[in-house]
Amino acid sequence: MQSTARKRSTPTRPGDRIFRGTSVAAALTILATLAGVALFLTVEGIPGVLASPDEVKHGTTFIDYVVPLVFGTLLAAVLALAMAIPVAIGVALYISHYAPRRLAATLGYVIDLLAAVPSVVYGVWGISFLATALVPVYGWLERTLGFIPLFAGPASATGRTILTASIVLAVMVLPVITALCREIFLQTPRLHEEAALALGATRWEMAKLAIFPYARSGIISASMLGLGRALGETMAVAMVLSASGVITVNLISSTNPSTIAANIALTFNEATGLTVNALIASGLVLFLLTFLVNFAARAIVERRKDFSGAN
Amino acid sequence: MAKSIDVSDLNIYYGDFLAVEGVTIPVAARSVTAFIGPSGCGKSTFLRSLNRMHEVIRGARVDGKVLVDGQDLYADDMDPVNVRRMIGMVFQRPNPFPTMSIAENVLAGQKLNSKRMKKSEADDIVERSLRSAGLWNEVKDRLDRPGSGLSGGQQQRLCIARAIATQPEVLLMDEPCSALDPISTSVIEDLIHELKKDYTIVIVTHNMQQAARVSDTTAFFNLAGVGQPGRLIEHGPTEKMFSNPEDPATEAYIQGRFG
Amino acid sequence: MAKSIDVSDLNIYYGDFLAVEGVTIPVAARSVTAFIGPSGCGKSTFLRSLNRMHEVIRGARVDGKVLVDGQDLYADDMDPVNVRRMIGMVFQRPNPFPTMSIAENVLAGQKLNSKRMKKSEADDIVERSLRSAGLWNEVKDRLDRPGSGLSGGQQQRLCIARAIATQPEVLLMDEPCSALDPISTSVIEDLIHELKKDYTIVIVTHNMQQAARVSDTTAFFNLAGVGQPGRLIEHGPTEKMFSNPEDPATEAYIQGRFG
Amino acid sequence: AENEAGDGGESSSDLSGTLNGAGASSQQAAVSAWQQGFQTANSDVTVNYDPIGSGGGREQFLEGGTSFAGSDAYLDDDELTQAKERCNDSDVVSIPVYVSPIAVIYNLPGVEDLQLSPQTIGAIFEGTITTWNDPAIAEDNPDAELPDSPITPVHRSDDSGTTENFTEYLEATSEGSWTAGAVETWPIQGGEAANGTSGVVAAVESGEGTIGYADASQAGDLGKVAVKVGEEYVAPTEEAAARVLDTAEQVEGRAETDIALHIDRTTTESGVYPIVLASYQIACQTYEDSAEAELVKAWLTYVVSEDGQQAAAESAGSAPLSDDFREKVQAAIDTIS
Amino acid sequence: MQSPTSSPTPSPEIAQSLRGRSLPTWAPKAFGAAAVALALVGVFGPVGFWLVFVAWLVAAVIPLWSMIVEGRRKATDRFVTLLVTTAFVIALFPLGSILTTVVSRGAPVLGSEFFTYSMRNIVGEGGGIYHALMGTLLITAAAAAISVPIGLFTAIYLIEYGEGKRLARWIRFLVDVMTGIPSIVAGLFAYALFVIFFGPGVRMGIGGAVALSVLMIPVVVRSCEEMLKLVPNELREASYALGVPKWRTIVKVVLPTALAGIVTGVTLAVARVIGETAPLLIIAGLTDSVNFNLFDGRMATLPVFTYFSIITPGVPPGPSIERAWGAALVLLIIVMLLNLAARLVSYFFSPKGER
Ligand SMILES: Nc1ncnc2c1ncn2[C@@H]1O[C@H](COP(=O)(O)OP(=O)(O)OP(=O)(O)O)[C@@H](O)[C@H]1O
Ligand SMILES: Nc1ncnc2c1ncn2[C@@H]1O[C@H](COP(=O)(O)OP(=O)(O)OP(=O)(O)O)[C@@H](O)[C@H]1O
Ligand SMILES: [Mg+2]
Ligand SMILES: [Mg+2]
Ligand SMILES: O=P([O-])([O-])[O-]
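Protein chains in written order, with my numbering: chain A, 33 to 343; chain B, 4 to 262; chain C, 4 to 262; chain D, 38 to 374; chain E, 18 to 372.
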């Protein structure tokens, strides 16, 4: 159409051009960085993928090597998010709409602190406090729910299982999800909250009518950030998890699948030659994994874009 | 069904700021009461205190009594949720839920009460409410589109449809027609006449003609001065208020001005 | 200073939806033009296309010509920012900036463009604009308080003050008085009379009396039907439009209804 | 910082500059002690050591990224070729600097002074002996009251020199009860895995009925197994570990400055503790930059000096090199230029 | 028209419908207080942790009771209130446990020597974290200086310029993917990048900052984007209508309105990376000495320091492990101060009025 063609050539002022240029440049920098990371992973990783079993330390084909790791990564991340997301949303909602206002600010602040704890400390806490505390719980699970494969046991004597690692991960991603959700919940327009209340909605119904629909894409984004951290966390998992490269859904035994990130940290130090390439290739696999998960999440958000909260 | 309201000695605060002072007024069941008065005199504030929407604002509070059929709304054991369900409200600025479609917006209140509704029943409510609000023809082909893509007046009528869909017993309307053209206005006014048979209606308006047309009782609010709280100056049957008000300020406001 | 506007054959779209079709209308300099018509007929949409605010909405576009003193607003080399500086606007829904105090809101036009001003000069502009908008007395003691703590009508007048503080040459007002009480309305109407001496003013209103009182020219928009685009039915001197309109639809709309 | 501020003036040597190394984490504690001693004597020198692991350390050294490497293993043939290139065609100087006993640690309340034969240790870590009151264990400990509780073996989850030395010992001495060979990566499933020496120690501490292997100096209050050597049981002491060097043979066919040790795990000599880890520092014979060569030479000289070895023994619990051995090593260091 | 007078006598049936049948007002408070008391005894008292569960059951009586008396809706509301509060309490457990661990073990170490000494020439007791503290501050500041502009501008691009554009869709997606880069891979990437320019064995503080930026940028972009999205279009329109160019509108209207959220997001991003160990070890290395130069040589950082103080503590391990806890506590304090600053910023600059 004529008018659209015209609009494109509309002159912009220098300020706008610069600002827009800067924004695009920033976006492209990200693109370049990511391309750099992808290139690095691919170039360094491919030889590792192609390496024959006797050229690498783990002595198997790459596929055999990486499948249990993918399994472990997904298992740990899924467990962590399954625990963290509901709690995080609850906490965010508590802070934004339930807690007395004065208290709420402080509470938010305190939860944010969790984000600051270095992974090493999470690791040490996981080993020395959490795992120990969970030993009797795992024993109980094995005795009472042992017929479910998840709790088949034998229960770990030290409690350093994938479930413990997932709990640590959940605690680590909790503040990330909470902080973002909280800000978004707080931004729900008064107008819409009042509309809901005036219809005789209880506080929870108001949340369902006005807050959640409005915050939907934000909650998903927050969860994605959390997922990213859960998938990529290195040190804490490496320290807490009693890992060996198995595939099992048994959550409470001492033989657990390892995760990609933790495995890199654990093996990288003593790795040489093609083994290093194989490790980097496993990083590439994690990268692709994130790609897929996000793809799915995006698809969900896009579906109801017309109904977005802005406006 | 309709309820009468008795307000006595109500003071309304925003934090430390006393916005409305010492209002005492009865509102009869099955009648239309209009609040008029200059901007900022506290009409909206007072209206919102009638279904406990006022306390939603941070630091806002109320003291005094609001009796609905003898029950004090502000009693300790009174649940604001029940109050609001019984006393519906239409706001000054249209506020459809942006994430819901037009039909969902209309049903928003309804869905709260009866979880399961037959499709036909729901369709029925949507149609009836939108027709009453005079919006049906304009939106019947796009009931599943978001409510935010409507014009200002359409949004306001959507909010009215949403409020009446739940069939409250009292309906509070804060300048419901200010964004509406005369045709839609008359649809709403007809609706008010209709609803009056069963419901108690309180309406804030800046339009004297409208107050004269729709209301049985009129109440005039005014400000003594800047920074002073708004007060109820006088109230009475609309005819009397418009023909022969007691307070000179009322007369000045009504007479000296057009609508 | 004042500019005349010549619109020819303007079609306005929201994506693929043609909202307003084939409008041709001249707007004389130093005059007040009122747009009237039923809700959803495209008055706001058309008004927004006069200062290129329409294109801000995603997917929205325009084709046709809008000449301001002979210059096509939609010409290739026309900068929408300059257009909007020259042609101010007041919106249907009050939208003060929540991050700014009342005074800052008034000065927003200058402040946001980083104009340097002496303190006294700034104070002067704030007072003058607020006085013109009839808000000065109510807010002079709390100029540094946030603009969002005002009543609906106060917010709207604040937005009017903000629009006139930049002294645009054309002023577009979308139902500026719909949230206002009669007193404030008359202040604004006086302001319009005042501004008319130097500026060109276009106003959308649902209030026939207001259109009759303030405008020199009236334009009537209507919808052929649901889903159809809005069209300009007729326009002419206000007196003639109200006494003896050419189109029967105009007559029906004006006569058949109250205001 | 306060402790750095006063350094400048009183330098007692004319050495200055920064010396960078990287490699085995096992040496880290000892390196700290050496850094202190060396930097105090040469206050214008800064020595940095990244404990990134032996593999990484060797790789970075071979790439020319660091001046020296710390490694739990000597260079293999491939690496030696690369090293030739890295060192301007000179040989490498590769010397054991840190010898430390690996203790088999356990946590079994009520049982002190556990003694085990290599065969039994192998079977425990292999997973074939699963309870503490197994006859094999009872045989080694006639006086102990062994409970009927399960054994939880704890191993390293990361690849490590400790694991390699431990499994090498098992392979050599277990007479087949350990089947998985000598490896850096823990080869079998089952049992607990923990990251790093401290992780293993923590895991053994936190569970009951646990048994693991770790650098003896880090074992803390945990019980340390006396292992059967010949007919007696030897506890992991520094002296017992130091004596293993006397029984070690130098690997043949390497440059004279490349002192690679083959530790005799099967020794039956009295008072020798055969589960030790020998960690090397690897440098070049010639450097392009003579100042760098100077520094490396001075550093290694200090490291193997009596003072240096003593310092490491104190703060890292290592076994000091014997005087004879130090002389041999010093000869290699002296070739650096 | 004459208005009928209102009836002054309360009708019981009206009272019913208004009030519903409701729980006595004291009930939720009483059960809540009982639950809290029980839970506290469970956590701090000698009885045992299972009391916490009992406490929860006590609290859960209210929604059940409500179900019988008040009906489904009220019961659901009360139940959700219980759930939300439970979620919060659950979050407090690890928090409390970690904080008490870190504080109780870290606090005794804090002293003037701890903050003013490096670890140069120190074995065993004594020494401090001056070098690591400076390294962490410098590297994190550099990382923030790289990531915040890039992240913020990207978010601006996504919201203000990229609407509907293919590039924007891709960027948005790729940013999500970027959140999944494991920290150690970020370190390896930065190392590989710097090796290209400086040759093998390179160690530089700035390299650490680059690695951290790879981790930080997506967090900044995501949170800023969400916050910008929440700024109502009305405000943008109001600004455009005043003849304000788009970029000024963004700078002076959109960003200030979203400031509180942006600041939270940035703080979160900083907190997210300030505790990273793996990438810093690879590219920033470890040293015992102070280094203020981001562009030359190894730089110690608190997390790396903490990690190695724990992993390779020396003999006896005590002093080193104590220093590790001290360093962890300092890291926490840094983030706490940062958080405080962020809150002050958003308190003073965010939308005034409501809330
Ligand atoms: N959220 C708030 N916080 C503080 N003061 C407020 C708030 N809302 C309104 N006020 C003040 O309370 C007074 C009454 O406001 P209210 O909105 O009730 O006026 P109104 O009569 O409805 O005016 P209008 O006709 O313009 O809508 C005014 O002085 C206003 O500034
Ligand atoms: N953002 C939008 N996207 C799509 N359609 C829109 C949008 N805004 C308005 N419309 C449609 O364009 C038509 C004209 O709307 P407009 O807002 O111009 O009406 P109006 O004459 O101002 O009505 P009112 O008097 O109720 O404000 C209506 O059918 C409306 O639904
Ligand atoms: Mg009002
Ligand atoms: Mg409109
Ligand atoms: O020295 P390690 O390789 O066992 O850590």
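Ideal placement from N, C-alpha and C gives every residue a C-beta, glycine not left out.
As the structure is a prediction and not an experimental result, all values here were calculated from the model.
{"Check": "Short CB-CB distance (under 7 Å) between Arg52 of chain A and chain E", "Outcome": "yes"}
{"Check": "is_contact[Leu183 of chain C, chain B] using C-beta, thresh 7 Å", "Outcome": "yes"}
{"Check": "Span of the beta strand (DSSP E), counted from its first residue to its last, around Gly54 of chain D", "Outcome": "Gly54 to Gly60"}
{"Check": "Between the CA atoms of Leu115 of chain C and Ala222 of chain B - distance to the nearest angstrom", "Outcome": "43 Å"}
{"Check": "Cβ-based burial, Ser132 of chain B [other Cβ within 10 Å; buried from 16]", "Outcome": "buried"}
{"Check": "Residue-chain proximity (Leu153 of chain B, chain A), Cβ-Cβ < 7 Å", "Outcome": "no"}
{"Check": "Buried versus exposed call for Gly250 of chain A [16 or more other C-beta atoms within 10 Å across all chains shown]", "Outcome": "buried"}
{"Check": "Residues near Gly331 of chain E by beta carbon distance below 8 Å, same chain, minus five either side", "Outcome": "Val140, Gly141 and Ser337"}
{"Check": "Residues proximal to ligand 6 by C-beta, any heavy atom closer than 7 Å", "Outcome": "Because ligand 6 does not appear in the structure shown, any question about it cannot be addressed here, the ligands present being ligand 1, ligand 2, ligand 3, ligand 4 and ligand 5."}
{"Check": "When B:Arg134, B:Asp9 and B:Met176 are compared against Met328 of chain B, the one with the closest alpha-carbon", "Outcome": "There is no way to answer for residue 328 of chain B, as the model of chain B reaches only from 4 to 262."}
{"Check": "Nearest-angstrom beta carbon gap, Ile236 of chain C and Thr253 of chain C [assumed within contact, 8 Å]", "Outcome": "6 Å"}
{"Check": "Chain E contact for Tyr130 of chain A (CB, 7 Å cutoff)", "Outcome": "yes"}
{"Check": "Same chain, Cβ closer than 6 Å to Val236 of chain E, five either side skipped, listed in chain order", "Outcome": "Ala286 and Arg289"}
{"Check": "Status (buried if at least 16 other CB within 10 Å, exposed otherwise) for Thr22 of chain E", "Outcome": "Because Thr22 of chain E sits at a pLDDT of 40, beneath the cut-off of 50, its placement in the model cannot be relied upon, and the point is left open."}
{"Check": "Stretch pair the region 95 to 111 of chain A + the region 91 to 101 of chain E: three plus CB contacts closer than 8 Å", "Outcome": "no"}
{"Check": "Beta-carbon proximity check, Ala262 of chain A vs Leu173 of chain A, cutoff 7 Å", "Outcome": "no"}
{"Check": "Start and end residues, beta strand (DSSP E) containing Ser316 of chain D", "Outcome": "Val313 to Cys321"}
{"Check": "Stretch pair the region 186 to 197 of chain E + the region 54 to 74 of chain A: three plus CB contacts closer than 8 Å", "Outcome": "yes"}
{"Check": "CB contact below 7 Å: Ser55 of chain A versus chain E", "Outcome": "yes"}
{"Check": "Within chain E, the residues that Pro21 of chain B reaches when beta carbons sit closer than 7 Å", "Outcome": "A small correction: the amino acid at residue 21 of chain B is Leu; Pro does not occupy that position in the sequence shown. Going along chain E, no residue has its Cβ under 7 Å from Leu21 of chain B, so there is no contact; the nearest lies around 18 Å."}
{"Check": "Any non-hydrogen atom of ligand 2 within 6 Å of Tyr17 of chain C CB", "Outcome": "yes"}
{"Check": "Cβ shell of Thr280 of chain A (< 8 Å), same chain only, five flanking positions each side left out", "Outcome": "Thr287, Asn288 and Pro289"}
{"Check": "Opposing strand residues paired with Ser11 of chain B [DSSP bridges]", "Outcome": "B:Lys68"}
{"Check": "Close Cβ partners of Leu110 of chain C (< 7 Å) along its chain, the five nearest in sequence each way excluded", "Outcome": "Ala125, Ile128, Val129 and Ala168"}
{"Check": "Test item: CB-CB of Leu112 of chain D and Gly159 of chain D under 7 Å", "Outcome": "no"}
{"Check": "Beta-carbon proximity of Leu212 of chain A to Ala163 of chain A, cut-off 7 Å", "Outcome": "no"}
{"Check": "Contacting residues, own chain, Cβ-Cβ under 7 Å from Ala303 of chain A (five flanking each side not counted)", "Outcome": "Lys89 and Leu311"}
{"Check": "Contacting positions in the region 185 to 210 of chain B - beta carbon closer than 7 Å to chain C", "Outcome": "Pro185, Ile186, Ser187, Ser189 and His209"}
{"Check": "Outcome for Arg40 of chain A when other beta-carbon atoms lying within 10 angstroms are tallied against a minimum of 16", "Outcome": "Since pLDDT at Arg40 of chain A reaches only 42, below the 50 mark, its modelled position is unreliable, and no value is offered."}
{"Check": "Residue-chain proximity (Ser164 of chain E, chain A), Cβ-Cβ < 7 Å", "Outcome": "no"}
{"Check": "Contact test: Ala22 of chain B Cβ vs ligand 1 heavy atom, cutoff 6 Å", "Outcome": "yes"}
{"Check": "Beta carbon proximity, Gly150 of chain C to chain B, threshold 7 Å", "Outcome": "no"}
{"Check": "Secondary structure of Gly314 of chain E, DSSP reduced to three states", "Outcome": "strand"}
{"Check": "CB-CB length for Val307 of chain E against His148 of chain E, believed under 8 Å", "Outcome": "4 Å"}
{"Check": "Supposed close pair Thr294 of chain E, Thr153 of chain E - CB separation, criterion 8 Å", "Outcome": "About 11 Å separates the two Cβ atoms, so there is no contact after all."}
{"Check": "Beta strand (DSSP E) segments (min. 3 residues) lying fully within the region 157 to 244 of chain B", "Outcome": "173 to 177, 203 to 207, 220 to 226 and 233 to 240"}
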